[in-house]
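K.L.:
Take a look at this one; I'll ask things after.
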Amino acid sequence: MHRHRFTIAILLLALLAPIVNSHPAYPSLADSTTLTWTHLSTTAGHLPLPSGSSFQAASLILDVDNDGVNDFVIASQGEGGSVVWYQRHAVGWTRHIIDDTPLFIEAGGAFYDIDGDGDLDIVLGGDWRSNEVWWWENPYPTYGSEVRWTRRLVKNSGGTKHHDQLFGDFRDTGKADLVFWNQRARTLYLAEIPADPRTTEPWPLFPIFTWEEPPDLEGLAQADIDGDGKMDIVGGGRWFKHEGSTTFRSEVIDDAQRFTRAAAGQLIPGGRPEVVFGAGDTTGPLKWYEWDGQAWVGHDLLGFDIRRGHSLDIVDFDGDGHLDIFAAEMRLGGSNSNSKMWIFFGDGQGNFQRTEVATGFDNHESKVGDLDGDGDLDILGKPWNYETPRLDIWINSAGDCASGFGPWQRHVIDAEKPWRSLFIAAADLDGDGAKDVVTGGWWYKNPGAPGEIWMRQIIGDPLNNMALVDDFDGDGSIDILGTEGKGNAANAIFSWAHNDGAGNFTIRNNIAPADGTFLQGVTRLQHGASDDIVLSWHDTSNGLQALTIPADPANTIWSWRLLTPISGGEEISAGDIDRDGHPDLLLGTQWLRNDGSVPPVWQPFTLYETTAEADRNRLVDMNNDGRVDAVIGYEGPSRSALLAWYEQPEEPTAPWIEHRIATLIGPQSLDAADLDSDGDWDIVVGEHNLNDPATARLLAYENLDGRGGAWRQHLVHIGDEHHDGAVVVDIDNDGDLDILSIGWEHSQVLLYENLGDDCGEDTPPATLTSEPTPPATPTSEPTPPATATPEPPPPSCVEEGLQALYTFTEGAGATVHDVSGVGEPLSLVIQDEDHVSWIPSGGLLVHAPTLIASSGPALKLIDASQSTHAFTLNAWIKPLDAQQTGPATIVTVSQGFEQRNFTLTQVLPQYAARIRTTGTGTSGSLSLTADADTATTLTHIIYTHEANGNRKLFVDGEEVANDWLAGDFTNWDASHRLALSNEVAGGHPWLGEFHQVALYNCAFSTADVAQQFEDAPPHQPGNGGPLTPAQTLYLPLITHSSEDEE
3 MHRHRFTIAI LLLALLAPIV NSHPAYPSLA DSTTLTWTHL STTAGHLPLP SGSSFQAASL
63 ILDVDNDGVN DFVIASQGEG GSVVWYQRHA VGWTRHIIDD TPLFIEAGGA FYDIDGDGDL
123 DIVLGGDWRS NEVWWWENPY PTYGSEVRWT RRLVKNSGGT KHHDQLFGDF RDTGKADLVF
183 WNQRARTLYL AEIPADPRTT EPWPLFPIFT WEEPPDLEGL AQADIDGDGK MDIVGGGRWF
243 KHEGSTTFRS EVIDDAQRFT RAAAGQLIPG GRPEVVFGAG DTTGPLKWYE WDGQAWVGHD
303 LLGFDIRRGH SLDIVDFDGD GHLDIFAAEM RLGGSNSNSK MWIFFGDGQG NFQRTEVATG
363 FDNHESKVGD LDGDGDLDIL GKPWNYETPR LDIWINSAGD CASGFGPWQR HVIDAEKPWR
423 SLFIAAADLD GDGAKDVVTG GWWYKNPGAP GEIWMRQIIG DPLNNMALVD DFDGDGSIDI
483 LGTEGKGNAA NAIFSWAHND GAGNFTIRNN IAPADGTFLQ GVTRLQHGAS DDIVLSWHDT
543 SNGLQALTIP ADPANTIWSW RLLTPISGGE EISAGDIDRD GHPDLLLGTQ WLRNDGSVPP
603 VWQPFTLYET TAEADRNRLV DMNNDGRVDA VIGYEGPSRS ALLAWYEQPE EPTAPWIEHR
663 IATLIGPQSL DAADLDSDGD WDIVVGEHNL NDPATARLLA YENLDGRGGA WRQHLVHIGD
723 EHHDGAVVVD IDNDGDLDIL SIGWEHSQVL LYENLGDDCG EDTPPATLTS EPTPPATPTS
783 EPTPPATATP EPPPPSCVEE GLQALYTFTE GAGATVHDVS GVGEPLSLVI QDEDHVSWIP
843 SGGLLVHAPT LIASSGPALK LIDASQSTHA FTLNAWIKPL DAQQTGPATI VTVSQGFEQR
903 NFTLTQVLPQ YAARIRTTGT GTSGSLSLTA DADTATTLTH IIYTHEANGN RKLFVDGEEV
963 ANDWLAGDFT NWDASHRLAL SNEVAGGHPW LGEFHQVALY NCAFSTADVA QQFEDAPPHQ
1023 PGNGGPLTPA QTLYLPLITH SSEDEE
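In my numbering, the protein residues as written are 3 to 1048.
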């Protein structure tokens, strides 16, 4: 799944009068009906799930952490983190638990600085099962996976159900009170905030309105209805005027609108504010009301009834100075499949133009607010119980108007280059003033317009893989350096192509052989009298090497030497990091200081400690402080990896400060440039997603504050896998920057043309895709057929990630051997031999409670999993009983039931998995439970946990459960042991057969799962069946009851 960028579908229903002109800084109102939105969803992995609950009650948008950007709160009923908040970062959100106590929370909620300490606290009320209202104290500035907010009572007596709360200074005292409905008490209460709310609970309560007959009243808003300078309360078809002390007078607007949502605002300037009521939990009209001087006059916005329109607000979406109306319908239990989310754009004269933002979503307490800090209004979509747990967000692009960030048009320069290339570059090779493209063994003449045919030209045999383009002989023409190898075939023999200035090349082979496999990084390093080309090979054991360009490059041998044995095996960048006048080298999270001697001594320093492997990098002054910083895209083919920049401190040898930008799928194509010409560095990155290239993205990150502290993500294109591409260059000389790219598995050379300012009236919508440019078949000389065979795909998780393997083929004894061949064997010891039976055809039957465990910590598994933050359990088992309880522990890495890294259990007829991350407690996550009943047949169980937090449970090759879990494995306990058939501390026995258990430090793909299911254990082909007569010979006569377990 990926981010979906779309334009609002317009229902051209101008409800009343023509539309007036709007504020020039935004699209006109007529144009506002084509506001562009970016849809994010938990279903696509764009943000984590709020909890495991299927009933999501409340949402709030507020700045929790006082950073000036809104965060949001989601409250759910029941287990799994009843109240959570989402902390906004430069890109994306991190989920934090506020309260993990199961609570019966009702719709509504409010926020205010209750304790006067400078941060916002929150209030929520109980539903029909609770007579309580609570407030939570914001622990600012202390947040983290183990931090919970302190919950205190506002109310804990009387009637139940508290649908809607509101803070405001309704008594003109200079401080706020809390107002809330108590539906089962049929009362509207005012709660006075105590002088010391931390020690006073419950709060003083004052009934300000009661009613006798149904229906209930709900919905709360505030506005100065009568213009006396004091805020009034609006809700339940009424408004409430303060008359002194705690006395309020009720004024009916429309008594038929009691059980509704409410909003109030100055839809028409002058006079009383207007009020909107809409049926929230029923079917009924959506109407706005204006005061004509004598009475309230209602106007139907739709002409038909809204169905459970539980989301309502009055805001200015398009920035034209006129308030608009937001309304959205529910899909209670999956009903109302045509549910709508609307914006009614107002003209300030009582006329509204209706548009649809989305259809088919469940909107219960969906809210409007600036969620990305760009100054315009976005939509937080929260369902109640349809397809839950789930969240959807619509990011408004009205504030995203940024020259230099598209829209983009994709062009295929070459649809089928003969072999894989490792790098791509652009330079004017033929002196015509237009930059040409170089990759592999070819260069492509710029046709003058990106959409024209690019002629593939052979550079010249044996230069088959371009490594660097530069003017090596100082004649003013760009030359080409490359290896003789094709693709990633091991080859360290270099040639260089001398350019006569017109794009005609003479191949010269006067370069000493180097020592390496295939190149990962190349840079030119000119220091003192030396002019070197530094080489970084895929194999780090080759160190960093240098080819020295002689004074006479054409006639003198280019010498080779080992520069330093230190290498990161990936990209290298040259720059004066320590500001001493000598060029240094950036290897990723390590840099080499050039001491200025001849030859220089290279001293290594680690700028940031991490187990992750840096891949691409750039040296730029990101925060404009005069010191170069490092931008790094980490290695992660087909898996999540970090894009971040590292701020250089005043002392460059000290640790650098990490600034995370985004977590992407393999950000292994990277460049930095000033895309919007505002004087700061922006970033372009391409995803290396081999498993699902159709969802691979090319993204541009806009540096919003000029210091790398805030970023806006722009989508360039979806559908191309990238590897060592995403090179920024003005290819068409139009003054803006375009992007060149290549991939690993596809054979295309790609150009993404920047069409310019995306704010103009006539600019086509973003993310255009042109028809592929036909491959250039004419060449300056015949192009030989490709002789290189396709390279095999990278090794899969199954091949590379195995850490421990148990096949249960020993046939006798008290030891289950680790036969993985990886590291020191992690063998398991059977505690009670007479409680197990070895199956002659293969397998181990556990017929009575026992423990099968490692004698010491499972260090190799724990260390390996912590290095990748990914994990897979692959097991073939056969339960003895389909109704085992306890829960019955099948496989675990733990020291007891409350202290675990990972556990797979059987709970009655279902399988469940728990795993520990920095986002959970020490007992691990909420169980991921299989939506499939356990059977007493041979069963294939796979649990996968990706580094990005996605986790899945498969039974017999079918995905039966999935969700998202925040955090990583940094907090895994290295003292935990690996055990089968019971918890390490006992008390949770599982009975049945083990036929295979394998553990990996990576996450299986869906294809891996399918293949492993087909490849059943050799001693149990197929899916097995009930215990055979031969196997029952090894089953002692036992009586098994629930009393045997906890």
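In this text, a Cβ means the ideal position worked out from N, Cα and C, and glycines have one as well.
1. Using a Cβ-Cβ cut-off of 7 Å (strictly less than) and excluding sequence neighbours within five positions of Ser-772, which residues of its own chain qualify?
2. Quick one: using the 10 Å Cβ neighbour count with 16 as the cut-off for buried, is Thr-870 buried or exposed?
3. Tell me whether Ile-559 is buried or exposed, calling it buried when 16 or more other Cβ atoms sit within 10 Å of its Cβ.
4. Do Ile-917 and Phe-904 have their beta-carbon atoms positioned less than 8 Å apart in this structure?
5. Alpha carbon to alpha carbon, what distance is there between Ser-929 and Gly-844?
6. Ordered along the chain, which non-local residues of its own chain (more than five positions away) have a Cβ less than 6 Å from that of Ser-479?
7. Ignore the nearest five residues each way along the sequence and tell me which others in Leu-706's own chain have a CB closer than 7 Å to its CB.
8. For Gly-408, does the count of other Cβ atoms within 10 angstroms reach 16, so buried, or fall short, so exposed?
9. Identify the continuous beta strand (DSSP E) that holds Ile-943 and give its terminal residues.
10. Could you have a look at Asn-68 and say whether DSSP puts it in helix, strand or coil?
11. If the criterion is Cβ atoms closer than 8 Å, does the pair Ile-124 and Phe-113 meet it?
12. I need the boundaries of the alpha helix (DSSP H) containing Lys-862, first residue and last residue.
13. Helix or strand or just coil, what does DSSP make of His-837?
14. Measuring only the C-alpha atoms, how far is Glu-801 from Leu-546?
15. For Gly-555, tell me which candidate among His-719, Thr-285 and Gly-476 has the shortest Cα-Cα distance.
16. How is Pro-851 classed by DSSP in three states: helix, strand or coil?
17. Would you tell me roughly how many angstroms separate the C-alpha atoms of Ser-977 and Pro-859, rounded to the nearest one?
18. On the DSSP bridge list, what partners appear for Pro-287?
19. Does the Cβ of Asp-257 have 16 or more other Cβ atoms within 10 Å, making it buried, or fewer, making it exposed?
20. Please state if the CB of Arg-356 and the CB of Asp-416 are separated by a distance shorter than 8 Å.
21. Do you know how far the Cα of Thr-922 is from the Cα of Thr-144?
22. So for Ser-543, helix, strand or coil by DSSP?
23. State yes or no: is the C-beta of Val-909 within less than 8 Å of the C-beta of Thr-894?
24. Taking the alpha-carbon positions, what's the Ser-983 to Arg-131 distance?
25. Going by beta carbon distance, what residues of the same chain come within less than 6 Å of Phe-74, once the five residues before and after it are set aside?
26. With a floor of 3 residues, list each beta strand (DSSP E) that falls wholly inside the region 947–979, ordered by position along the chain.
27. Can you tell me where the beta strand (DSSP E) with Phe-425 in it begins and where it stops?
28. Taking three-plus beta-carbon pairs below 8 Å as touching, is the region 626–644 in contact with the region 659–675?
29. Cα separation between Glu-1016 and Asp-597?
30. Excluding the five sequence neighbours on either side, which residues of its own chain have a C-beta within less than 6 Å of the C-beta of Thr-508, listed in chain order?
31. Determine contact between the region 291–308 and the region 387–394, defined as no fewer than three beta-carbon pairs at a distance below 8 Å.
32. Please state if the CB of Lys-447 and the CB of Asp-432 are separated by a distance shorter than 8 Å.
33. Using the C-alpha atoms, what's the distance from Trp-136 back to Gly-229?
34. Which one of Gly-989, Ala-1009, Gly-994 and Thr-919 has the shortest CA to CA distance from Trp-974?
35. How is the beta strand (DSSP E) around Phe-347 delimited, first residue to last?
36. So Gln-268 is in the alpha helix (DSSP H); what residue range does that whole segment cover?
P.N.:
Let me spell this out:
1. Model confidence at Ser-772 stands at a pLDDT of 25, short of 50, so the residue's coordinates are unreliable and nothing is read from them.
2. Sixteen is the threshold: when 16 or more other Cβ atoms of the shown chains lie within 10 Å of the Cβ of Thr-870, as they do, the residue is buried.
3. So Ile-559 counts as exposed.
4. For Phe-904 and Ile-917, yes; Cβs fall inside 8 Å.
5. Taking the straight line joining both Cα atoms gives about 31 Å.
6. If we look at Ser-479 and ignore the five residues flanking it on each side, its Cβ neighbours are Asn-501 and Gly-503.
7. Around Leu-706: Ala-712, Trp-713 and Arg-714.
8. Answer is buried; the Cβ neighbour count reaches 16.
9. Segment 941–947, the beta strand (DSSP E) holding Ile-943.
10. Asn-68: coil per DSSP, three-state reduction.
11. The Cβ atoms of Ile-124 and Phe-113 sit closer than 8 Å to each other.
12. 861–870 is the extent of the alpha helix (DSSP H) around Lys-862.
13. In the three-state reduction of the DSSP assignment, His-837 falls in the helix class.
14. Between Glu-801 and Leu-546, the C-alpha separation is close to 29 Å.
15. With the sequence shown as reference, residue 555 is identified as Pro, and Gly is not the correct amino acid for it. The residue with the shortest Cα to Cα distance from Pro-555 is Gly-476.
16. Taken through DSSP and simplified to helix, strand or coil, Pro-851 comes out as coil.
17. Between Ser-977 and Pro-859, the C-alpha separation is close to 5 Å.
18. Here Pro-287 is not bridged, per DSSP, to any residue.
19. Its Cβ having fewer than 16 others within 10 Å, Asp-257 is exposed.
20. No, the Cβ-Cβ distance between Asp-416 and Arg-356 is not below 8 Å.
21. A direct Cα-to-Cα measurement between Thr-144 and Thr-922 gives close to 17 Å.
22. Residue state, collapsed to three classes: helix.
23. Result no, Cβ atoms of Val-909 and Thr-894 do not sit closer than 8 Å.
24. Those two C-alpha atoms are separated by around 40 Å.
25. So the qualifying residues of the chain are Ile-63, Tyr-88 and Leu-382.
26. Runs of the beta strand (DSSP E) inside the region 947–979: 952–957 and 960–966.
27. No beta strand (DSSP E) holds Phe-425; DSSP gives it neither H nor E.
28. Three or more beta-carbon pairs separated by less than 8 Å link the region 626–644 to the region 659–675, which places the two stretches in contact.
29. One C-alpha to the other measures close to 59 Å.
30. Take Thr-508, set aside five residues on each side of it, and the residues of its chain with a beta-carbon closer than 6 Å to its own are His-500, in chain order.
31. A contact is defined here as three or more CB-CB pairs under 8 Å, and the region 291–308 fails this definition with respect to the region 387–394.
32. Their beta carbons are under 8 Å apart, which means Asp-432 touches Lys-447 by this criterion.
33. Rounded to the nearest angstrom, the two C-alpha atoms are 33 Å apart.
34. Nearest neighbour of Trp-974 by Cα position, chosen from Gly-989, Ala-1009, Gly-994 and Thr-919, turns out to be Thr-919.
35. Residues 342–348.
36. From DSSP, Gln-268 is part of no alpha helix (DSSP H); its letter is neither H nor E.
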